[in-house]
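Just so we're aligned, residue 20 is where the sequence shown starts under the working numbering, counting upward by one. Data first, discussion second: the structure below is written as C-alpha cells.
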Amino acid sequence: MFRSSIQYKILDLPSEQGEIEQATLEGKFLITRAGKMIWISLINNKIPTLFTREVLKFFCEIFENSYEREIRELYTQYKGDISIFREESRSRQNIEVIIEDIFHLYFTLPYKIGSTKAKNLPPKSKKMFQFVKVLIHKNKGSIYLEKLFNEVGKNFNFKTEDLVELIFDLVQKKILLPTSLEKSKQKSPLYF
C-alpha cells in the first residue's frame, strides 16, 4: 500500500539527509527518514511522537553503519537481492537483531534501574540518572523510554539529540535494563 503510494507519487520521500516526511494512509501513519544512502520508513498504528522520530534516526544510523558496503553494492554485486541484510554484517548483527534491539526493546518494554557501580558517568548522565531513579520509583519500579524521554525533556534543558544519546547511553551501559518479556506481557499486551 505505502510502496505503491510512493511509486505513484501520492506520498513524498524526504530529499535531504536527516529530513523526515510523515503521512497518513488508510488509518496508518508512515514516518520516513532520509539517511546518507537510504530511506527508512516506519508504519505505525498511532501518531509518531518526537521519541519515535529519534528512535528512527538512531536505527537509520546503526543500519547504515552496519551495512554500508552492502548498501553501496546492493544493485551491482548483490543484484538487488535484499536478503543480504538477513546475513550478519561486519558488526555481527543481522537486520532482525537490529530491529529487535531498536524498535521492540525501546517501544514495547518498560525499563528498570540496573547497577551504577564501576561506571563512570559524565555530569549530565549523573544528573539525569538521579531524576530517572525518582521517576522509576514513582512508576512502581519501571518506566517506558518514551515516557522517560518526555519527562526528562520537561524537567531539563537538554537538546533533543543530547537527551536521546543520554538515554541510549544509560541503556547500553546497562544502567537502565528492560524488564523481562514475560513480566511485560502480564502488564500490557504486545502486538506483532
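The beta carbon of each residue, even a glycine, is placed where N, CA and C say it ideally should be.
Three-state secondary structure (DSSP) of residue i
i	result
residue 161	coil
residue 67	coil
residue 192	coil
residue 198	coil
residue 178	coil
residue 137	Residue placement at residue 137 cannot be trusted, given a pLDDT of 46 that sits under 50; what the coordinates show is reported in the next sentence. The answer is coil: DSSP assigns residue 137 none of H, G, I, E or B.
residue 209	Model confidence at residue 209 stands at a pLDDT of 36, short of 50, so the residue's coordinates are unreliable; what they give is reported in the following sentence. Residue 209 falls in the coil class under three-state DSSP.
Cβ separation of residue i and residue j, assumed to be a contact under 8 Å, to the nearest whole Å
i	j	result
residue 183	residue 73	4 Å
residue 32	residue 49	Not really, about 11 Å apart at Cβ, beyond 8 Å.
residue 140	residue 148	6 Å
residue 68	residue 165	6 Å
residue 188	residue 144	6 Å
Distance, residue j Cα to residue i Cα
i	j	result
residue 153	residue 70	21 Å
residue 76	residue 37	8 Å
residue 171	residue 42	28 Å
residue 155	residue 99	46 Å
residue 169	residue 162	11 Å
residue 137	residue 104	Bear in mind that a pLDDT of 46 at residue 137, under 50, signals an unreliable position, so the number given afterwards is only what the model happens to contain. Straight-line Cα distance between these residues: approximately 36 Å.
residue 34	residue 54	10 Å
residue 91	residue 101	12 Å
residue 185	residue 178	10 Å
residue 237	residue 130	Residue 237 is absent from the model: the chain starts at 20 and stops at 211.
residue 128	residue 197	6 Å
residue 112	residue 80	14 Å
residue 61	residue 51	6 Å
residue 134	residue 194	6 Å
residue 39	residue 47	17 Å
residue 176	residue 157	22 Å
residue 23	residue 64	19 Å
residue 107	residue 93	15 Å
residue 44	residue 142	44 Å
is_contact[residue i, chain D] using C-beta, thresh 7 Å
i	result
residue 192	Within the model displayed, chain D is absent; a lone protein chain is all it includes.
Subject >> Residue ranges of each alpha helix (DSSP H) within the stretch 24–106, 4 or longer >> reply: 69–85 and 87–91
**OP:** Could you say if the stretch 113–132 and the stretch 81–100 meet the contact criterion of at least three C-beta pairs nearer than 8 Å?
**Re:** yes
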